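One structure below.
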Amino acid sequence: MKKQRGLTLIELMVTLAVFALLVGIGVPSLTSMSEGNRMVSQYNRLLGDLSVARSEAMKRGVNVVMCASNNSTATTPTCNTTQWELGWIYFADINNDGVFSSGTDTLLAINEAQRAGITIRTTDFDSAGVIRYQPNGAVRDTDGDGDSDGTFIICDGKSNTQKARAVNISTIGRLSKAKDTDADKTVNDVNGVNVTCP
Ligand SMILES: [Ca+2]
Ligand SMILES: [Ca+2]
Ligand SMILES: [Ca+2]
C-alpha cells in the first residue's frame, strides 16, 4: 500500500507565503495596470477623434464641432457638460451654430461614457466642453481674443498629476502629446504650465 504524504509544516508555510505575496502585491498592481490601460486607450481614442474631426472639417469644408456629451448615445445628443469622461460626440455643424442641430447637421461619431475612475477635462480653450474646427483646420476663436488653443488632460481619478497624460492643441489645430518641458515629472499644458487633475 502506498503511503499517502501530506504537506510538511515548512511546505505549508512556503505555500501560504507565496499565496500572501500574490494576493497582497498582485491585486493592486493589476488594478493600476487596468486603469493605466484605460487611460492609454482613452488617450488614443481622444487623439484619433480630434484628428479625424479636424480632417473632416477640412475635407467637408464646414465647421466640425467636437463636444463633451453625457447623452452621446441619444437620438439627438447634446453638448451639455465639461466632463469629457461622460462621453463625447463630433458632428459637421452645417448651420454653423455650434450645437448639434437634428435633421440639419451630420453626426460623425460618438464615444460613450467611461467607467468611473479616469477624468478627461480641458484647460484654456474658449469653451471647456466644445472644440470647433474650421474648414482650414484651425480651432475657432469663439470669444475673439485672438487665442483658441488649449489642452486635454486625462487623469487617473486620484488627483495624481504625475500620472496625467495630456494633448495640446495649437490655434492652427495641430495636435501634440504634452511633454514635461520643465522636468518636474508632470506634463505641461499649451501655456507651459503643469497640468492639474480634479
Ligand atoms: Ca448646428
Ligand atoms: Ca479665444
Ligand atoms: Ca512639468
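Counting from 537, one number per residue, gives the positions in the sequence shown under my numbering.
Backbone N, C-alpha and C fix where the C-beta goes; we use that ideal spot for every residue, glycine too.
Predicted, not measured: the structure shown is a model, and the values here were computed from it.
Sorted by chain position, which residues of the same chain lie with C-beta nearer than 6 Å to residue i's C-beta, five sequence neighbours on each side aside?
{"i": "asparagine 632", "result": "Asn599"}
{"i": "threonine 640", "result": "Ile630, Asn631"}
{"i": "aspartate 679", "result": "Asp662"}
Please tell me whether, using a cut-off of 6 Å, the distance from the CB of residue i to the nearest non-hydrogen atom of ligand 5 is below it.
{"i": "serine 684", "result": "Only ligand 1, ligand 2 and ligand 3 can be found as ligands here, which leaves ligand 5 out of the picture."}
Return yes when the Cβ of residue j is within less than 7 Å of the Cβ of residue i, no when it is not.
{"i": "threonine 722", "j": "glutamine 698", "result": "yes"}
{"i": "cysteine 733", "j": "valine 666", "result": "no"}
{"i": "isoleucine 689", "j": "valine 731", "result": "yes"}
{"i": "asparagine 724", "j": "threonine 717", "result": "yes"}
{"i": "aspartate 677", "j": "serine 684", "result": "yes"}
{"i": "arginine 590", "j": "tyrosine 669", "result": "yes"}
{"i": "valine 703", "j": "leucine 583", "result": "yes"}
{"i": "glycine 673", "j": "methionine 594", "result": "yes"}
{"i": "serine 637", "j": "threonine 612", "result": "no"}
Ordered along the chain, which non-local residues of its own chain (more than five positions away) have a Cβ less than 8 Å from that of residue i?
{"i": "threonine 617", "result": "Ala604, Ser605, Asn606, Gly665"}
{"i": "arginine 574", "result": "Gln650, Arg651, Gly653, Ile654"}
{"i": "proline 671", "result": "Ala593, Met594, Arg596, Gly597, Val598, Asn599"}
{"i": "lysine 715", "result": "Val723, Asn724"}
{"i": "alanine 610", "result": "none"}
Kindly give me the distance between the Cβ atoms of residue i and residue j, rounded to whole angstroms, as I take these residues to be in contact under 8 Å.
{"i": "leucine 644", "j": "glutamate 592", "result": "6 Å"}
{"i": "asparagine 647", "j": "aspartate 585", "result": "6 Å"}
{"i": "valine 601", "j": "glycine 634", "result": "6 Å"}
Can you list, in chain order, the residues of its chain with a C-beta nearer than 7 Å to that of residue i? Leave out the 5 residues immediately preceding and following it.
{"i": "serine 608", "result": "Gly623, Trp624, Ile625, Ile646, Asn647, Glu648"}
{"i": "lysine 694", "result": "none"}
Next item on the list: Check whether the region 648 to 662 touches the region 576 to 586, counting contact only when three or more Cβ pairs, one atom from each stretch, lie closer than 8 Å.
Entry: yes
Note to self: Assess contact between the region 701 to 712 and the region 612 to 629, defined as three or more Cβ pairs (one per stretch) separated by less than 8 Å. Is contact present?
What the structure shows: no
Next item on the list: Name all residues in chain order for which at least one heavy atom of ligand 1 lies closer than 7 Å to the residue's CB.
Entry: Asp629, Ile630, Asn631, Asn632, Asp633, Gly634, Val635, Phe636, Ser637, Thr640, Asp641
Checklist line | Nearest-residue set for ligand 3, Cβ under 5 Å from any heavy atom | finding: Asp716, Asp718, Asp720, Thr722, Asn724, Asn730
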